[in-house]
Amino acid sequence: MYANSTATQEIEEAKRQALLNNILATLRGEDNHLIPFEWVRFLNPRGEHYIGTQTILVEQIIGSVDRYDEFDQHFLPLTHHLDERWVAIRKAQIEGKELPPIQVYKVGEGYFVKDGNHRVSVAKSTHQKYIDAEIIELDVSITPHPGESLREMIIRSEKVEFYRHLGLDTLRPDHAEIDFSTPGRYDILLEHIRTRQYYLGIQEQRDISWEEAVGSWYDKLYWHVVRNLRKHNVMSKFPGRTEADIYLWIMDHRYFLTEQLGHDVGSEYATLNFKDHFRPHWWERLGQRMQLLRKKIVPATHS
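Residue numbers (the numbering used here): 291 to 593.
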């Protein structure tokens, strides 16, 4: 009777906490569900291998293969039909019965539950630190983060591959960070560098190495634009955007102005002209800043 009563009380508390988490996530404009395992395919896994049964940290379990919509991102239960199974597992735990290992996929340093979602939910709710798991590891470049959106995950994965291909950390150790707010942009930068490599080869009548092309692109194109963005305080006019976002827009705008005027206008003129003609209205910028501020303030009140 004691074990059953205790388990019932604990799941009710877990569901109340899940409700609170949902409210806070809604205020932040975020998703409060687990990361679906199907999103991992966007990380382009290079293969998988079986590790065996090991003890893993419960806090590193961040997603589920097929039950991601039934638990919040802290693995707290969201629906009533989970109650019976949850209570049975917690009751067995209280009574000292041994539970079988869960089954998980390991992705970076995170884990996705293949079998044993309720056992993980109980473990998280009772602040259990470790759990036994049978592990299949996937070979990927990055680790998904709890609460991370698919868009954020894709952008991070693209950034890792971009930096690996570029070698910029070695070529320019003090380089400005290159971030985007939307997916699919790093490939455009790579095309800019290949174009730079091609035209440098024509100008200098020799083969230009990839390292030379990257250095030239960064020093004479990207950094020139970023320096102008900072000099003229352009980023304040485009809340929520990154320097790399604006760089791509300005390069397109520079090409348009050059075609229109019949001569290369240069990066600084293109930057100022773009700022004057395409900055959002003040009320749009105010709304964007309020959204960004809300994302910063609300999490700070929940600690």
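Every residue, glycine too, gets a C-beta built ideally from N, C-alpha and C.
Query                                                                                                                 : Result
Residues of its chain near S557, where Cβ-Cβ distance is below 8 Å and the 5 sequence neighbours each way are ignored : L511, H514, V515, N518, I540, R544
Sub-7 Å separation of I341 and I432 beta-carbons                                                                      : no
Ranges of the alpha helix (DSSP H) found wholly within the segment 468-500, counting only runs of at least 4          : 476-494
Rounded separation between D422 and V410 - CA only                                                                    : 10 Å
Extent of the continuous beta strand (DSSP E) run through S557                                                        : From DSSP, S557 is part of no beta strand (DSSP E) but of the alpha helix (DSSP H) over 557-568.
Bridge partners - Y340, DSSP secondary structure assignment                                                           : I426
Residues of its chain near D554, where Cβ-Cβ distance is below 6 Å and the 5 sequence neighbours each way are ignored : T548
DSSP bridge partner residues for F361 (one or two, in chain order)                                                    : P367
Residue environment, F327, which counts as buried when at least 16 other CB atoms sit within 10 Å                     : buried
Collapsed DSSP secondary structure at V348 in the structure displayed                                                 : helix
Pick from F365, T298, V394, H455 that is closest to V427, judged by C-alpha positions                                 : Inspection of the sequence shows that residue 427 is occupied by Glu rather than by Val. Taking only the C-alpha atoms, the option nearest E427 is V394.
DSSP bridge partner residues for V403 (one or two, in chain order)                                                    : S354, V394
Rounded separation between S447 and P434 - CA only                                                                    : 9 Å
Residues near N407 by beta carbon distance below 6 Å, same chain, minus five either side                              : S354, R357
Identity of the residue in M443, L490, Y559 nearest K521 by Cα                                                        : Y559
K381, buried or exposed, once every other Cβ within 10 Å from all chains shown has been counted against 16            : buried
Meets three-Cβ-pair contact criterion under 8 Å: the segment 412-419 and the segment 441-455                          : no
Neighbour flag for N311 against chain C, beta carbons, 7 Å                                                            : Here there is only one protein chain, and chain C is not present.
When Y476, F365, L551 are compared against E451, the one with the closest alpha-carbon                                : Y476
Spatially closest choice to V330 from E438, L317, Q299, by CA coordinates                                             : E438
Cα-Cα separation between E501 and E533, rounded to whole angstroms                                                    : 23 Å
Selected residue, minimal CA-CA separation from D373, among E360, I492, K419                                          : E360
Residue burial classification, L324 (beta-carbon count within 10 angstroms, cutoff 16)                                : buried
CA nearest to the CA of H455, picked from D464, I483, P335                                                            : I483
Where I379 falls: helix, strand or coil (DSSP)                                                                        : helix
Q493 vs A503 beta-carbon contact at 7 Å                                                                               : no
N-terminal and C-terminal residue of the alpha helix (DSSP H) that S526 is part of                                    : Here S526 belongs to no alpha helix (DSSP H), and DSSP marks it neither H nor E.
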